[in-house]
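Undergrad: Residue numbers (our numbering): 89 to 329. No residue lacks a Cβ here, since even glycine has one placed at the ideal position from N, Cα and C.
#1: In its own chain, which residues sit with a C-beta less than 6 angstroms from the C-beta of residue 307, not counting the 5 before and 5 after it?
#2: Among 329, 323 and 295, which has the Cα closest to the Cα of residue 271?
#3: Does DSSP put residue 124 in a helix, in a strand, or in coil?
#4: With 16 other CB atoms within 10 Å as the buried threshold, where does residue 128 fall?
#5: Measuring straight from C-alpha to C-alpha, what distance separates residue 134 and residue 252?
#6: List the whole-angstrom C-beta distance separating residue 310 from residue 292, where the pair is believed to meet the contact cut-off of C-beta under 8 angstroms.
#7: Just verifying my parser: in three-state terms, what is the DSSP assignment at residue 239?
#8: State the beta-bridge partners of residue 323 as determined by DSSP.
#9: Ignore the nearest five residues each way along the sequence and tell me which others in residue 216's own chain have a CB closer than 6 angstroms to its CB.
#10: Below 8 angstroms on the Cβ atoms is my guess for residue 207 versus residue 225; work out the distance and round it to an integer in Å.
#11: Assign residue 274 to buried or exposed, taking buried as 16 or more other Cβ atoms, counted over all protein chains shown, within 10 Å of its Cβ.
#12: Measure from the alpha carbon of residue 260 to the alpha carbon of each residue in 231, 281, 290 and 250, then state which is nearest.
#13: Using three-state DSSP, classify residue 198 as helix, strand or coil.
#14: Using 10 angstroms around the beta-carbon of residue 197, count the other beta-carbons present and answer buried if the total reaches 16, otherwise exposed.
#15: Can you tell me whether residue 125 is buried or exposed? The criterion is at least 16 other CB atoms within 10 Å of its CB, across all chains shown.
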């Protein structure tokens, strides 16, 4: 009897060790191996897409404009973000009803978008990202000139589920030629993805608002569940219905 109990304890101990090692190996694979296989956003395309000078501050905040930026020293093709429709907010309200995004490549259909989300307050945008994809305050609205900047959460693939806290987990699967559709104000705005890749948190130029362009940027943190780097998918407006 005593020997039997000891054997059970040994087996249980071995099982726990195996589970622990498996979990550690999985985290190591995601954090070190998988994330390093992702393509880096092509540096030769950055200036053509976003401009060579950022209108945002690399201050550790998200969406912080340069304090002394009046737009005068920004390249002629690039400008400050558009004036927003409403007050910068954190939680989705009735004015956001019916605004949704569909991304066939990721299996996303009619996911909610919250407009004008304050990217300078982590508590605010974190609360939004549990219930929707977020549109960065002061970035272009769908169909407008500029850069419609949307961001969403990611999670370790093993833990990902069909909710907003893991909705952009598979964003690295996006490819050039994929389409993204946004439904807003009785119109459907369709964008075609042109570039994807990894950028650094300091690469704040991805929030720039180019003139004479109608583009979209989708962003999430990588590795999933961490925030070491960012993964973006960028595209251009190709159709309005």
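TA: The structure says:
#1: 239, 318 and 320
#2: 329
#3: helix
#4: exposed
#5: 29 angstroms
#6: Not confirmed; about 17 angstroms, so no contact.
#7: strand
#8: 281 and 304
#9: 178, 202, 205 and 222
#10: 6 angstroms
#11: exposed
#12: 281
#13: strand
#14: exposed
#15: exposed
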